[in-house]
Amino acid sequence: MKRIIIDQQIRHGKPVIEGTRITVEEVLGMLAGGMTYDEIQEEYGLIKEDILAVLRYIASLIRGEEVYQLNKK
Numbered sequence: 003m004k005r006i007i008i009d010q011q012i013r014h015g016k017p018v019i020e021g022t023r024i025t026v027e028e029v030l031g032m033l034a035g036g037m038t039y040d041e042i043q044e045e046y047g048l049i050k051e052d053i054l055a056v057l058r059y060i061a062s063l064i065r066g067e068e069v070y071q072l073n074k075k
């Protein structure tokens, strides 16, 4: 996936935005916490395409997820 890399030498292999040490998890947390794209870009030096790459990466993980209903007893 463009812009998102996984390298065991960077942040213990967590997915990060290429050229940074900022993890996908951190950006997702920023968005969930209410930060805007502009705030993230200003505070962390990212560009809009970096943030969108995080969302595409997460979407690709969820796309392959299967959900099963548990039987209630």
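Be aware that the sequence shown starts at 3, since it is given in this note's numbering, and climbs by one per residue. A virtual CB, placed ideally from N, CA and C, is assigned to each residue, including glycine. Here the structure is a predicted model, which is why all the values come from computation and not from measurement.
Runs of the alpha helix (DSSP H) lying entirely within the region 13-37 and spanning at least 4 residues, in chain order: 26-34.
For Glu51, the uninterrupted alpha helix (DSSP H) run begins and ends at 50-65, by DSSP. Rounded to whole angstroms, Arg13 and Ile19 show a C-alpha spacing of 11 angstroms. When DSSP states are grouped into helix, strand and coil, Ile6 belongs to the strand group. Contact annotation: Ala55 and Lys16 have beta-carbon atoms that are not nearer than 8 angstroms. For the pair Tyr59 and Asp9, the Cα-to-Cα distance works out to about 15 angstroms. About 7 angstroms separates the beta carbon of Ile42 from that of Val29, a gap short enough to meet the 8 angstroms contact definition.
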